[in-house]
Amino acid sequence: MRRLLVTLVLLGCAKPAEHPHHAHHPHHGPLVHRFEKADEWAKVFDDPARDAWQKPAHVVALMKLEPGSTVVDLGAGTGYFLPFLSQGVGSTGKVLALDVEPDMVRYIRERAVREKLANVEARVIKGDDPELAAASVDRVLIVDTWHHIPERRAYAAKLARALRPHGMIFVVDFTMEAAHGPPKHHRLAPAQVIEELASAGLAAKTVPSELPEQYVVVGQ
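Offset between the sequence shown (1-based) and the working numbering: plus 181.
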């Protein structure tokens with residue numbers, strides 16, 4: 182299988198026309214990117230201007246994290262969401278930052294040390310498998326990434342197996358009207374995301390949010 186980049190934001194920090202790196206997959210399949218230079222991409226992914234539309238504190242509040250729980254940031258990129266997730270699960274909890282790019286994982290590990298995020302563990306994963314043990318996590322956060330995953334129904338099934346009782350998956354992605362994000366023919370409607378999560382036996386629905394350019398789908 183072609184190597185998939187499952188990286189947080191995935192060019193979502195600027196309008197599609199501003200990025201020459203989009204590789205269009207035939208038949209409107211997932212976009213395939215490589216983000217091998219994490220230090221350069223950090224200037225985009227961690228741009229303070231992103232906060233206005235990504236609203237990380239609000240997204241994490243929707244997840245209703247509890248101290249001691251285990252949460253996955255799937256496609257963690259440079260770790261934009263990690264400070265919020267780390268605080269949400271507390272010192273007794275764990276944040277698993279997963280990405281297919283080794284340099285992103287290297288960057289996250291250095292960031293965790295620099296920002297004293299002791300409960301963050303960064304891992305390199307395969308493009309078609311989150312490599313999570315059965316019944317091992319309470320929450321999975323997938324921001325601006327789901328539309329990049331091939332074989333999403335199979336991937337959803339692997340995530341579903343990793344959930345503990347009452348566990349939830351949160352998919353945050355771009356609306357068709359959003360100014361940020363991938364080309365429109367690569368975007369996914371919320372109904373499609375719901376169907377893909379439901380195929381894995383999850384009860385899925387959209388939830389209200391304050392995000393101006395994105396929707397939130399929750400599967401439980």
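Positions of the beta carbon are idealized from the N, C-alpha and C atoms, including for glycine.
- For the 8 Å CB-CB criterion, residue 371 and residue 398 form a contact.
- A direct Cα-Cα distance of roughly 10 Å separates residue 291 from residue 259.
- In the DSSP assignment, residue 347 falls within the unbroken beta strand (DSSP E) covering 344-355.
- Boundaries for residue 306: no beta strand (DSSP E) harbours it, and the DSSP string shows neither H nor E there.
- Straight across, the Cα-Cα distance linking residue 281 with residue 256 is about 8 Å.
- Here the alpha carbons of residue 235 and residue 228 stand approximately 11 Å from one another.
- Within its own chain, the residues whose Cβ lies closer than 6 Å to the Cβ of residue 322, once the five positions on either side in sequence are excluded, are 254 and 351, listed in chain order.
- Excluding residues up to 5 positions away in sequence, 283 and 286 lie with their Cβ nearer than 6 Å to the Cβ of residue 305 in the same chain.
- A distance below 8 Å separates the beta carbons of residue 302 and residue 275.
- By the Cβ neighbour-count rule, residue 273 is exposed, with fewer than 16 other Cβ atoms within 10 Å of its own.
- Residue ranges of uninterrupted alpha helix (DSSP H) with 4 or more members, entirely inside the stretch 246-322 and ordered along the chain, are 263-270 and 283-295.
- Across the structure, residue 361 and residue 267 are spaced so that their CA atoms are roughly 26 Å apart.
- Per DSSP, residue 395 is one residue of the beta strand (DSSP E) stretching across 395-400.
- Residue 395 is a Cβ neighbour of residue 355, given a cutoff of 8 Å.
- By the Cβ neighbour-count rule, residue 252 is buried, with 16 or more other Cβ atoms within 10 Å of its own.
- Taking C-beta separations shorter than 8 Å and ignoring five residues to either side along the sequence, the partners of residue 357 in its chain run 365, 368 and 370, following chain order.
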